[in-house]
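Q:
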Amino acid sequence: MLERHTSICRFCHAHCGIVVEVEDGRAVKVFGDKDNPVYHGFSCAKGRALPEQHRHPERLLHSLARTADGRHEPIASARALDEVADKLGEILERHGPRSVALYLGTYSFPYAASAPLATSWMKAIGSRMVFTSATIDQPGKPIASALHGRWSAGGYRFDDADVWMIVGANPVVAMSNGIPNSNPARHLHKARQRGLKLIVIDPRVTEVARAAHIHLQPRPGEDPTLLAAMLHWIMRESRHDAEFLAENVVGFEELRRAVAPFTPEYAARRADVPVEKLIEAARTFAEAGRACGTAGTGPNMAGRGNLTEYLLLTLNSVCGHWPRAGEPFSNPFAFLPPYTARAQADAPQPGWGFGEKLRVRGLTDSAAGLPTAALADEILQEGEGQVRALINLGGNPMAAWPDQLKTQEAMRSLELLVSLDIKLSATARVSDYVIAPKLSLEVPGLSLPNESLWFYGFGLGYPVPYAQYAPALVDPPEGADLIEDWEFFYELAQRMGLALELRLTNTWDPQAGRPEVVKLDMVSKPTTDELFDVLTRGSRIPLAEIKRHPHGKVFDDGGAVVEPKASDCEHRLDVANAFMLAELDAVGREPVGEEDPFPFRMISRRLPDVYNSSGRDIPKLVRRHRYNPAFMNPGDLQQLGLATGDVVKITSERASILGVVEAASDVRPGCLSMSHSFGDAPEYDAALRKIGSNTGRLSSVERDYDPYSGIPRMSNIPVQVRRFEGQLAN
Ligand SMILES: Nc1nc2c(c(=O)[nH]1)N[C@H]1C(S)=C(S)[C@@H](COP(=O)(O)OP(=O)(O)OC[C@H]3O[C@@H](n4cnc5c(=O)[nH]c(N)nc54)[C@H](O)[C@@H]3O)O[C@H]1N2
Ligand SMILES: Nc1nc2c(c(=O)[nH]1)N[C@H]1C(S)=C(S)[C@@H](COP(=O)(O)OP(=O)(O)OC[C@H]3O[C@@H](n4cnc5c(=O)[nH]c(N)nc54)[C@H](O)[C@@H]3O)O[C@H]1N2
Ligand code: SF4
Ligand SMILES: [Mo]
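With the first letter of the sequence shown counted as 1, position 151 gets the number 148 in this note's numbering; the numbers rise by one all the way through.
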């Protein structure tokens, strides 16, 4: 019998409302839910491939343990938990809590109970070594926001703006920053009909750049130069918002001095863009009524992510582009607690230098979290505090971390590596235990993770108080022995005699002056729904009400507007942070136009039909390519005597990889545009045309890294490109 149910797609963070056709307890078809009030029937190829993902022949239906000779054998989940608990107990006893680290990867995100249980377990063992993918993604965002201070009401809503600027992001493909990810193409279409002027800065003519009113296609890595020049022009021409600055901002005159060397002519020459276009971008942005500038992974990975994000916030502030009292609030929340948005600054905070200190490169905890790019060294470097056990929840370090050769050495040297993964990924393959989890349609879900992205960047989260709950729809395949990711941590705690507590960020206990802490019953295991009840306590719309609307619902916004500044508020946004202005000064002193032994720049990008290292084993998603092509401008290919399909050796200062080139006129000359998380460990390189190649190997975590987040160059990587003369196995 065929049944139809609504659900939430959790293949990516966009959490689209979908319809799932279920036959004999199996998902057979997925498509976008036309009755969903914010996604309006949108789905992408990945979401429509959920049935294939759930029934994938290589999906792990049992947990695995590695044998002495390096093979993996099935093991009952309960037995795996016993053994892991024993081994962790021993390691903790011998080496203390700091020897155990947790890595929260991509798939810790869509399962709302996963990260809270995992971090609660870490707290119970007394380890602060919690790492996430945020510090190898856009660490500049939270760091810049800390240094500059946040506008309490957030940025303008994309749907209300008349000018919008996107620097190195491609939201119509990535469903990420800049345009609300609930059907971004629709938001963009409506905005253009309304007359929105879009400014895009990207070395590639991306899908979103094609819709731009002004597209600057600069040399990669020159975003700080360009943004400083926009500030220079705006101040020189007195297009800044003097009234807003006087009331809400400190540091304007210092900023003016700092951007003085960055004339539009200098920046245009350096970044290789037409100076008139750069000035037009500055004028359009400054003269806008409601506008916002935001960046994506490209500039965050290109070497000066904190500074780029900081200059963007500064540009918003200098132009007074923050919502004022009486204007609509950009997201009156549903799963999140009621929020009073005010037309005022939240005070700047330190961006780093607190919390856990790492033993390498002087790194510390930061506003973006502990530096993941330093975790391999924390594992490899001997001595007090060395990390000896790693739990990898829904991540794939071997594919995704920068500096793959070092990562490989680190993964191999661990005493215990446990991965929670649905397949034998490159990291699972070197793990001592692989815990096989249930997949999205087999467990309940909430739109909460996507909603909470509002705090992370502009144009993220939902622009309206939307929420959806989805019950589990299908059982795991017959004969499978699977657990939910959160259960792993709960059961580990049970076996180790630990009590877990959940800190409810949604609620605030005024007596304790901190979030309410709920002790979990460690005898009888809660259900996922019971955990959701706890985790959504204090939400603006009660979960029980949200559950009544299977297609998701836009709830009443309660007339949410930005409230006036509190009478006692004295906070100011800081546009002259000393670290950031010193970095800008260093940019101005960089040598430019010198002879370069690595003449090309590898730049990052996303491909529509895969998600980091997920999806490329699903045949219908990779009909065109099973690998990640090295897209290059046709002129460059011609000059190198290469043609689409040729194999090249791509060499950085750190390492070499192979790539298959493909002509793409949308790529700026001098660049290779290539997606990440393909390929595998070096011993599989010959399978290039089947598995692609790992761009992470080209990065060095010890050279050209950010001193606060530790992120190395993962875009704008200097490389050489030569025809590969060797033989490939197939
Ligand atoms: N060179 C370069 N490197 C990059 C980037 C780049 O642009 N360039 N991007 C960076 C960014 S932004 C990020 S966020 C990181 C991502 O870094 P990671 O999160 O470490 O990498 P993913 O490839 O997303 O790993 C996800 C893993 O989860 C598994 N998985 C899939 N579904 C489930 C599930 O339902 N449950 C569980 N438990 N596991 C599941 C997948 O099989 C896969 O092995 O990569 C970073 N690395
Ligand atoms: N289909 C799909 N969607 C995804 C993912 C995926 O793998 N596939 N990954 C997800 C993840 S983990 C994340 S974090 C988000 C990321 O979302 P986005 O940040 O939007 O990621 P990209 O689409 O790679 O866009 C980055 C852009 O930066 C440009 N760029 C590179 N270097 C520079 C530079 O120096 N300066 C400037 N101005 N631009 C530069 C690139 O050309 C590219 O267009 O996407 C998410 N969505
Ligand atoms: S955009 Fe993301 S959430 Fe939406 S259907 Fe595609 S994979 Fe699923
Ligand atoms: Mo990411």
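Each residue gets a CB set at the ideal place from its N, CA and C atoms; glycine is no exception.
Fair warning: this is a prediction, and the values are worked out from it, not measured in the lab.
State the Cα-Cα distance for the pair LEU414 and ILE376, rounded to the nearest angstrom.
A: Cα-Cα distance, rounded: 11 Å.
Q: How is TRP505 classed by DSSP in three states: helix, strand or coil?
A: TRP505: strand per DSSP, three-state reduction.
Q: Leaving out the 5 sequence neighbours to the left and right, which residues in its chain are closer than 8 Å to VAL514 when beta-carbon positions are compared?
A: Once the five neighbours on either side are set aside, the close Cβ partners of VAL514 are GLU498, LEU499, ARG500, LEU501, ASP506.
Q: Residue range of the alpha helix (DSSP H) that PRO139 falls in?
A: Per DSSP, PRO139 belongs to the alpha helix (DSSP H) from 137 to 145.
Q: Give the straight-line distance between the Cα atoms of ARG321 and ALA340, rounded to the nearest whole angstrom.
A: Roughly 5 Å separates the two Cα atoms.
Q: Is there at least one non-hydrogen atom of ligand 4 closer than 7 Å to the beta-carbon of SER601?
A: Checking every heavy atom of ligand 4 against the Cβ of SER601, none is found closer than 7 Å.
Q: Is the Cβ-Cβ distance between PRO368 and THR132 less than 8 Å?
A: Yes. Within cutoff.
Q: Which residue from ARG651, GLY656, GLU542 puts its Cα closest to that of HIS622?
A: The residue with the shortest Cα to Cα distance from HIS622 is GLY656.
Q: Helix, strand or coil: how does DSSP classify GLY14 here?
A: Reduced to three states, the DSSP call for GLY14 is strand.
Q: Mind reading off the beta-carbon distance from ARG598 to PRO715? Whole number of angstroms is fine, and I expect it under 8 Å.
A: Sure, about 6 Å apart at Cβ, within 8 Å.
Q: How many whole angstroms separate the CB atoms of ALA82 and LEU489, which I take to be in contact at a CB cut-off of 8 Å?
A: Confirmed, about 6 Å.
Q: Nearest to GLU560 by alpha carbon, out of GLY632, PRO446, ALA150, LEU114?
A: Checked all of GLY632, PRO446, ALA150, LEU114; the closest Cα to GLU560 is ALA150.
Q: Where do the N-terminal and C-terminal ends of the alpha helix (DSSP H) with PRO221 fall, by residue?
A: Element bounds for PRO221: 220 to 233.
Q: Going by beta-carbon coordinates alone, are GLU18 and LYS26 separated by less than 8 Å?
A: In this structure, LYS26 lies closer than 8 Å to GLU18 by Cβ.
Q: How long is the line joining the alpha carbons of LYS617 and THR129, rounded to whole angstroms?
A: Using only the alpha carbons, I get a separation of about 30 Å.
Q: Should GLY555 be listed as close to ligand 1, given that the test is whether its C-beta is under 7 Å from any heavy atom?
A: No, ligand 1 has no heavy atom inside 7 Å of this Cβ.
Q: Considering GLU722, what are the terminal residues of the alpha helix (DSSP H) in which it resides?
A: Per DSSP, GLU722 belongs to no alpha helix (DSSP H) and is neither H nor E.
Q: Could you give the first and the last residue of the continuous alpha helix (DSSP H) run that contains ASP530?
A: 525 to 532 is the span of the alpha helix (DSSP H), which, as asked, contains ASP530.
Q: As a quick exercise: from HIS145, CYS316, GLU273, PRO258, pick the residue whose alpha carbon is nearest that of VAL247.
A: Ranking the options by Cα distance to VAL247, first place goes to HIS145.
Q: Grouping DSSP H, G and I as helix and E and B as strand, with all else coil, what is ASP571?
A: DSSP places ASP571 in strand when its eight states are reduced to three.
Q: So, with DSSP's three-state summary, where would you put VAL272?
A: In the structure shown, VAL272 sits in a helix (DSSP, three-state: H, G or I).
Q: What are the start and end residues of each continuous alpha helix (DSSP H) run of 4 or more residues lying completely inside the region 678 to 715, in chain order?
A: The region 678 to 715 contains these whole alpha helix (DSSP H) runs: 685 to 688.
Q: Can you grab the Cα-Cα spacing for the pair PRO709 / ASP701, in whole Å?
A: One C-alpha to the other measures close to 6 Å.
Q: If you scan the region 361 to 430 from start to end, which runs of the beta strand (DSSP E) of 3 or more residues do you find wholly inside it?
A: Taking only runs of at least 3 residues, the beta strand (DSSP E) segments lying wholly in the region 361 to 430 are 361 to 363, 386 to 390, 413 to 417.
Q: Determine the DSSP secondary structure at TYR453, reduced to helix, strand or coil.
A: The answer is coil: DSSP assigns TYR453 none of H, G, I, E or B.
Q: With DSSP run on the structure shown, which of helix, strand or coil describes LEU443?
A: If DSSP states are grouped into helix, strand and coil, LEU443 belongs with the strands.
Q: What I want to know is whether the C-beta of CYS9 ends up closer than 7 Å to one or more non-hydrogen atoms of ligand 2.
A: Yes.
Q: Of all the options ALA678, GLY93, ASN609, which has the alpha carbon lying nearest to the alpha carbon of GLY391?
A: That would be ASN609, whose Cα lies nearest to the Cα of GLY391.
Q: Could you tell me which uninterrupted beta strand (DSSP E) segments, each at least 3 residues in length, are contained entirely in the region 300 to 366, listed from first to last along the chain?
A: The region 300 to 366 contains these whole beta strand (DSSP E) runs: 349 to 354, 361 to 363.
Q: Among THR648, ASP677, ASP418, whose alpha-carbon lies nearest the alpha-carbon of SER696?
A: Nearest option by C-alpha distance: THR648.
Q: Could you tell me how far apart the beta carbons of LEU224 and LEU312 are, in whole angstroms, since I believe they sit closer than 8 Å?
A: At roughly 6 Å, the Cβ-Cβ gap stays under 8 Å, so LEU224 and LEU312 are in contact.
Q: Leaving aside the five residues before and after CYS668 along the sequence, list all residues of the same chain whose C-beta is less than 8 Å from its C-beta, in chain order.
A: Excluding sequence neighbours, CYS668 sits near PRO200, ARG201, PRO217, PHE597, ARG598, MET599, ILE600, MET629, ASN630.
Q: For HIS69, report the span of its beta strand (DSSP E) as first-last.
A: 69 to 72 is the span of the beta strand (DSSP E), which, as asked, contains HIS69.
Q: How many angstroms separate the CA atom of TRP118 from the CA atom of PHE486?
A: Roughly 6 Å between the two C-alpha positions.
Q: Roughly how many angstroms lie between the CA atoms of GLU379 and ARG537, to the nearest whole one?
A: Each residue's alpha carbon lies about 49 Å from the other.
Q: For the structure I just gave you, are there three or more beta carbon pairs, one from the region 565 to 573 and one from the region 355 to 364, closer than 8 Å?
A: Judged by Cβ distances under 8 Å, the region 565 to 573 makes no contact with the region 355 to 364, as fewer than three pairs qualify.
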